[in-house]
Amino acid sequence: MAAGQYGEAGPVLYLRLLTCIIAQLMNDRTYMGMVMGSLESWLLLRSLRTLHLRVPRQSETATALAKWLQTIVEETSAGKTFDSVPPGVVSQVYHTSLQEPDARGFDPKSQMEGGYNATFAILLSDVTHAKHLPGQAKLFISATSLGGIESLIEYRARADPTADPRLVRLSIGVEDIEELKDDLRQAFQKVAQINAKL
Numbered sequence: 005m006a007a008g009q010y011g012e013a014g015p016v017l018y019l020r021l022l023t024c025i026i027a028q029l030m031n032d033r034t035y036m037g038m039v040m041g042s043l044e045s046w047l048l049l050r051s052l053r054t055l056h057l058r059v060p061r062q063s064e065t066a067t068a069l070a071k072w073l074q075t076i077v078e079e080t081s082a083g084k085t086f087d088s089v090p091p092g093v094v095s096q097v098y099h100t101s102l103q104e105p106d107a108r109g110f111d112p113k114s115q116m117e118g119g120y121n122a123t124f125a126i127l128l129s130d131v132t133h134a135k136h137l138p139g140q141a142k143l144f145i146s147a148t149s150l151g152g153i154e155s156l157i158e159y160r161a162r163a164d165p166t167a168d169p170r171l172v173r174l175s176i177g178v179e180d181i182e183e184l185k186d187d188l189r190q191a192f193q194k195v196a197q198i199n200a201k202l
């Protein structure tokens, strides 16, 4: 008798549970808009069609830019201007291509096939530099986002108050590397002047 009761009650309980789940899903869909709109769907499809072109270009440009910035850190640490970038502006660059294996033996360079990440961060030597750098850039757009075709720059503490106030995040798009260098170069020069005036 007990086996029969459990056997018969099981499907009824499952049906009730399924009915409750469906009702909750319908409610969520109705009030929270869980269906992607046609414009968003089209934009997503368009983006996916060019992904294989954008990602390698962004990775290559970001890696070259990070290495250029690292050279600036090394060359300006002695107090001399290098590549028209004044000393005392950039103090550290955080990019996968510059990292060494950690104590466990994990090598960040083996993490991604075909290149490195297109987003990285720089640590400026002064909070004033970091706050003003995004506003001084002309080609970089001051915004919080990742992976677009435009290069973005963000004063990280504005979005995350727990972040180091000297941290600036860069998300590299598909622009020419020399144009990005020129833009950062002129922005570094301007923030160095701002700090000198204070």
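According to our numbering, the sequence shown is numbered sequentially starting from 5. By construction, the Cβ of each residue, glycine as well, lies at the ideal position given by its N, Cα and C atoms.
With distance defined between alpha-carbon atoms, name the residue in the options nearest to residue i.
{"i": "residue 148", "options": "140, 142, 157", "result": "157"}
{"i": "residue 161", "options": "189, 128, 69", "result": "128"}
{"i": "residue 133", "options": "36, 168, 176, 123", "result": "168"}
{"i": "residue 174", "options": "21, 165, 185", "result": "185"}
Per DSSP, which one or two residues make a beta bridge with residue i?
{"i": "residue 98", "result": "125"}
{"i": "residue 158", "result": "173"}
{"i": "residue 146", "result": "157"}
Here's the rule: buried if 16 or more other CB atoms are within 10 angstroms of the residue's CB, otherwise exposed. What is residue i?
{"i": "residue 27", "result": "exposed"}
{"i": "residue 140", "result": "buried"}
{"i": "residue 49", "result": "exposed"}
{"i": "residue 82", "result": "exposed"}
{"i": "residue 5", "result": "Only weak support exists for where residue 5 lies, its pLDDT of 41 falling under 50; the coordinates are left without a value."}
{"i": "residue 163", "result": "exposed"}
{"i": "residue 172", "result": "buried"}
{"i": "residue 52", "result": "exposed"}
{"i": "residue 155", "result": "buried"}
{"i": "residue 124", "result": "buried"}
{"i": "residue 177", "result": "buried"}
{"i": "residue 76", "result": "buried"}
{"i": "residue 159", "result": "buried"}
{"i": "residue 122", "result": "buried"}
{"i": "residue 126", "result": "buried"}
Whole-angstrom Cβ separation of residue i and residue j, contact assumed at under 8 Å?
{"i": "residue 89", "j": "residue 170", "result": "With 8 Å as the limit, residue 89 and residue 170 do not qualify as a contact, their Cβ atoms being about 16 Å apart."}
{"i": "residue 67", "j": "residue 119", "result": "7 Å"}
Counting only runs that start and end within the region 41-98, where is the alpha helix (DSSP H) found for 4 or more residues in a row?
For the region 41-98, whole alpha helix (DSSP H) runs of length 4 or above, ordered along the chain, are 42-80.
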